[in-house]
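See structure below.
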Amino acid sequence: MAGSVVIVESPAKAKTINKYLGSDFTVLASFGHVRDLPPKDGSVRPEEDFEMDWELGDRSKRHVDEIARAVKGANRVFLATDPDREGEAIAWHVHELLKEKRLAGKAEIRRITFNEITKSAVLDAIGKPRDVDQELVQAYLARRALDYLVGFNLSPVLWRKLPGSKSAGRVQSVALRLICEREAEIEAFKPQEYWTIEAEFKTHDGSTFTARLTQLDGKRLEKFSLNNKEGAEAALARIRPMLFKVGRVERKEVKRNPYAPFTTSTLQQEASRKLGFGAVKTMRTAQKLYEGVDIGGETVGLITYMRTDGVSLSHEAIEGSRRLIDQTWGDNYVPEKPRIYKTAAKNAQEAHEAIRPTDLFKRPDQLSRYLDKDELRLYELIWKRTVASQMASAVLDQVTVDIMSKGAEAVFRATGSILKFDGFLKVYQEEKDDDGEEEENRRLPPMKDGDDLTRGALKSDQHFTQPPPRYTEASLVKKMEELGIGRPSTYASTLQVLQERNYVRLEKRRFEPEDRGRLVTSFLENFFNRYVQYDFTAALEEKLDDISGGRIFWKDVLREFWKHFHASIDETKDLTITQVLNALDDALGPHFFPDRFDTQGHKIDVRACPTCGAGRLSLKLGKTGAFIGCSNYPECRYTRPLAVAGEEAEADADRDLGVDPETNQNVVMKRGPYGVYVQLGEAMAKGEKPKRVSLPRGLNPQDVDLNTALALLSLPRSLGMHPSSGQEIQAGIGRFGPYLKHGDAYKNIPPDDDVLTIGLNRAVVLLGDGPVKKAVAGRELGNHPKDGKPISIGSGRFGPYVKHNKLFASITKAYNADTLTLEQAVELLAAKAAKDTAKKGAAPEAEAEEKPKKAPAKKAAAPKAAAAKKPAAKTATTTAKKPAVKKTKA
187 MAGSVVIVES
197 PAKAKTINKY
207 LGSDFTVLAS
217 FGHVRDLPPK
227 DGSVRPEEDF
237 EMDWELGDRS
247 KRHVDEIARA
257 VKGANRVFLA
267 TDPDREGEAI
277 AWHVHELLKE
287 KRLAGKAEIR
297 RITFNEITKS
307 AVLDAIGKPR
317 DVDQELVQAY
327 LARRALDYLV
337 GFNLSPVLWR
347 KLPGSKSAGR
357 VQSVALRLIC
367 EREAEIEAFK
377 PQEYWTIEAE
387 FKTHDGSTFT
397 ARLTQLDGKR
407 LEKFSLNNKE
417 GAEAALARIR
427 PMLFKVGRVE
437 RKEVKRNPYA
447 PFTTSTLQQE
457 ASRKLGFGAV
467 KTMRTAQKLY
477 EGVDIGGETV
487 GLITYMRTDG
497 VSLSHEAIEG
507 SRRLIDQTWG
517 DNYVPEKPRI
527 YKTAAKNAQE
537 AHEAIRPTDL
547 FKRPDQLSRY
557 LDKDELRLYE
567 LIWKRTVASQ
577 MASAVLDQVT
587 VDIMSKGAEA
597 VFRATGSILK
607 FDGFLKVYQE
617 EKDDDGEEEE
627 NRRLPPMKDG
637 DDLTRGALKS
647 DQHFTQPPPR
657 YTEASLVKKM
667 EELGIGRPST
677 YASTLQVLQE
687 RNYVRLEKRR
697 FEPEDRGRLV
707 TSFLENFFNR
717 YVQYDFTAAL
727 EEKLDDISGG
737 RIFWKDVLRE
747 FWKHFHASID
757 ETKDLTITQV
767 LNALDDALGP
777 HFFPDRFDTQ
787 GHKIDVRACP
797 TCGAGRLSLK
807 LGKTGAFIGC
817 SNYPECRYTR
827 PLAVAGEEAE
837 ADADRDLGVD
847 PETNQNVVMK
857 RGPYGVYVQL
867 GEAMAKGEKP
877 KRVSLPRGLN
887 PQDVDLNTAL
897 ALLSLPRSLG
907 MHPSSGQEIQ
917 AGIGRFGPYL
927 KHGDAYKNIP
937 PDDDVLTIGL
947 NRAVVLLGDG
957 PVKKAVAGRE
967 LGNHPKDGKP
977 ISIGSGRFGP
987 YVKHNKLFAS
997 ITKAYNADTL
1007 TLEQAVELLA
1017 AKAAKDTAKK
1027 GAAPEAEAEE
1037 KPKKAPAKKA
1047 AAPKAAAAKK
1057 PAAKTATTTA
1067 KKPAVKKTKA
């Protein structure tokens, strides 16, 4: 048995480190966190001064037993988990388990950290061991308790008062609020018209350039000074007879400094902008580069630790960068003094070095044969950013020219810049923010004050102000960091949870809130406003930093939080569904029922029930979630899913598109409960349904003509045979959007390609670029409009069927199983449900939706009953003297 044991998180990390240490060392992996709070009520007990129970993970026992066996014969144990709060927590958990197994006294247990997985860094850490940092552990315990208390107390309130909701989290709910508020801004935005005037000028040597009007008749033109066509035409008429000359030429030299090396947040932002990576993909790829890659038979860690708020570089990294820059581009690209960047992190214990290559002389082109495409692209991004951060500044000549009429009645301005020295731009240019404007970079001809100019073309341009853009992953991460919400290491998982809960969706790489997400946000803002406030969430993060810095006791933070939070939870006990509905209806009414006007300008009552005419439409809550229904229920049973019935879409509903030349049947566009669709022909005999196809997301109903409708009705369409396999390639629209089908493999069609026009060559390229999904038995048609759960099609003993939850409905001969649509499946399932209900003599589904209280209440009570029986493998938050099978007090 080896004399020393080193414990890390992952087997990849263990494999790399094992090669650096001699035969006296055994390197084992804990496989992440070895234990966690049991996911049931009572795991954190505020009434017992926040005593916490822990249990081994499902797969952790085997790993812990392996660690224990190795420690029994060892003299020293090194806890070498990651150098952050979570890594410190894993080390503490392992240490506590070894103490419970009475192994801590038999071997010396110490903590070591290293920022990079290289031989020198690992050996240096072995020589500088320390104890587990209790203050970092307490910060972890406080964060874990806060997240647990919010999730396990707020989520049941959502389940009872807002059926269909899935969960609420401390950081997740605030991130969702950001997305929903941005969407509300976009919906409320009123575009403003403005005009600009530009003129072309020619110098005495024939050079031309353009300039924009900035002053007229002694008045400076603001953005909305010319706010209509008439004003712009009047300005043009005023300017046309004027003669112009150069009034003033201003030149100045400007320096642009390089950007700091990457932190976790800036890496996620730039990887999103430059590489199109999501936050999860960025962190997963960076983890591989950090833990080590096989290069010529040796496993080498290529970058430093990728969860960091720090922007500083080690002395060795700075000196290495300067040598590399000098050797590659010359000494004029090396600044006179090294560039020192300072982190804004409050807690020095967590302010690690920036993300950088472990060896800058390992150039990206030298590693291309050892890395896959994504690993190479991310490594190159990190390498370039690090090198550029130590390069000389770029130098630009900026020129501003004012062109005046001879009487100074009108003034035009032209700006330009010339790059005199590229400096760090030789290596790296940061992508412009999605919300930013492009910087003008053009060269102006030589001019001097007083030069006469010849005016050429004179034009006016109409513009409209634009609403704020939806958040991308990059801009949302940036906003969360600015507000101090969460921590960069948690952003990826937070954004992933929002999508998994169907609270938001990514459309063309931008976040759009689902109606379910808007309901949750509105509920929390109305009844738990304090806990979705940005400054409150940021203040909690600062307190966690204060705990890890030893400036505040962790249980004091929990006591203060729980006092107010528990009172807020209690206030909702007597909250009725009617109160919830009224609050949500008031808050979201403008979204679901936007103002509309007829052709005469009269306001339309969008709340009037289209079926009975007398009822008022409003939000309703059923057992599967929210919907829009009539106030005259049960006399009127009109309902529709949560959706905004836009003016343009409504105007386009029930529109005749023309006649299909092949079948001589009418093609019409209609609006149904599941959205706008196109239909071929009318209802046929024997209950057969006409063919219908829903409009794909992103296709405006106004843009649909006869040809487009016929193309949709013909889906899926054949593109031809694959040149290699000889199998047919088809294009169609499925649950996850447009797709390509090749044999039993599927590939999503990117947003930039059109399912109706994509050709064979492009399809072959897409099928060969990246992974494809294999078809499973049967297929999924999409999500049920009421509860969002999937509807699938399959084949059984009695023929084809559709399935939703536990409900099965046979596909009758009136339908074609191969071309069955989501709408048709919903009809079949509804008919089967009605038939089953009639047999049982139960109340209709609509009535059950009006009384959703009892079932959720029973579900909410279940965890409490389970909590009374404590699981065996629990332990406490602090040092325990009893075996792991018993619960101990903190």
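Taking my numbering, the leading residue of the sequence shown gets 187, the next gets one more, and so forth.
Beta carbons are placed, not taken as given, at the ideal position from N, Cα and C, and that holds for glycine.
Membership of CYS366 in any beta strand (DSSP E) is not indicated; the residue belongs instead to the alpha helix (DSSP H) covering 358 to 374. Listed as beta-bridge partners of VAL192 by DSSP are VAL213 and PHE264. Residues PRO631, MET633, ASP637 and LEU639 of the same chain have their beta carbon placed closer than 7 Å to that of THR389, with the five preceding and five following residues left out of the count. In this structure, the CA atom of PHE607 is about 5 Å from the CA atom of VAL581. If you draw a straight line from the Cα of THR394 to the Cα of ARG673, it comes to about 52 Å. In the DSSP assignment, GLY815 falls within the beta strand (DSSP E) that extends over 811 to 816. The three-state reading of DSSP puts VAL250 in helix, counting H, G and I together. Within the segment 320 to 363, the complete alpha helix (DSSP H) segments of 4 residues or longer fall at 320 to 347, listed in chain order.
Rounded to whole angstroms, the separation of the alpha carbons of ARG704 and ARG793 is 20 Å. Cβ atoms of GLU272 and TYR326 come within 8 Å of each other, at about 7 Å. By the Cβ-count criterion, ASN261 is exposed, with fewer than 16 other Cβ atoms from all chains shown falling within 10 Å of its own Cβ. The Cβ atoms of LEU892 and LEU843 lie closer than 7 Å to each other.
For TYR206, the three-state secondary structure derived from DSSP is helix. With respect to the C-alpha of LEU453, the residue from ILE372, ILE541 and TYR476 having the closest C-alpha is ILE541. Cβ-Cβ distances below 8 Å link LEU761 to LYS347 and PHE713 in the same chain, with the five nearest sequence neighbours on each side left out; the list follows chain order. One Cα belongs to ILE489, the other to LEU662, and the distance between them is close to 25 Å. Within the same chain, ILE365, CYS366, GLU369 and VAL690 come within 6 Å of PRO699 by CB-CB distance, once the 5 residues on both sides are set aside. The Cβ neighbour count for PHE430, taken over all protein chains shown within 10 Å, is at least 16; the residue is labelled buried.
Nearest Cα to LEU901 within the set PRO924, ALA254, GLU195 and SER646: PRO924. A direct Cα-Cα distance of roughly 12 Å separates PHE236 from LYS749. A contact between stretches requires three or more CB pairs, one per stretch, nearer than 8 Å, and the segment 725 to 743 meets this requirement with the segment 310 to 326.
Taking the CA atoms as reference points, PRO847 sits about 14 Å from VAL854. The distance from the Cβ of VAL336 to that of ALA307 is about 38 Å, inconsistent with a contact at the 8 Å cut-off. Less than 7 Å divides the Cβ of THR471 from the Cβ of ASP560.
Between GLN648 and TRP381, the gap from beta carbon to beta carbon is short of 7 Å.
With a contact defined as Cβ atoms closer than 8 Å, ILE814 and THR797 miss out at about 12 Å. Boundaries around ALA421 are those of the alpha helix (DSSP H), 415 to 425, since no beta strand (DSSP E) includes it. Assigned with DSSP and collapsed to three states, GLY954 falls in helix.
The three-state secondary structure of PHE722, taken from DSSP, is helix. Here VAL360 is near THR723, since their CB atoms are less than 7 Å apart. By the Cβ test, the segment 272 to 282 is not in contact with the segment 201 to 212, since fewer than three Cβ pairs between them sit closer than 8 Å. ILE790 counts as exposed, since fewer than 16 other beta carbons sit within 10 angstroms of its beta carbon.
Under the DSSP assignment, ASP512 falls in the alpha helix (DSSP H) whose first and last residues are 501 to 515.
When the five nearest sequence neighbours on each side are left out, the beta carbons in the same chain lying within less than 7 Å of the beta carbon of ASP583 are those of ARG437, GLU439, SER603, ILE604 and LYS606, in order along the chain.
Our two residues, VAL213 and LEU805, have alpha carbons roughly 59 Å apart in a direct line. Per DSSP, the continuous alpha helix (DSSP H) segment holding ILE568 begins and ends at 559 to 575.
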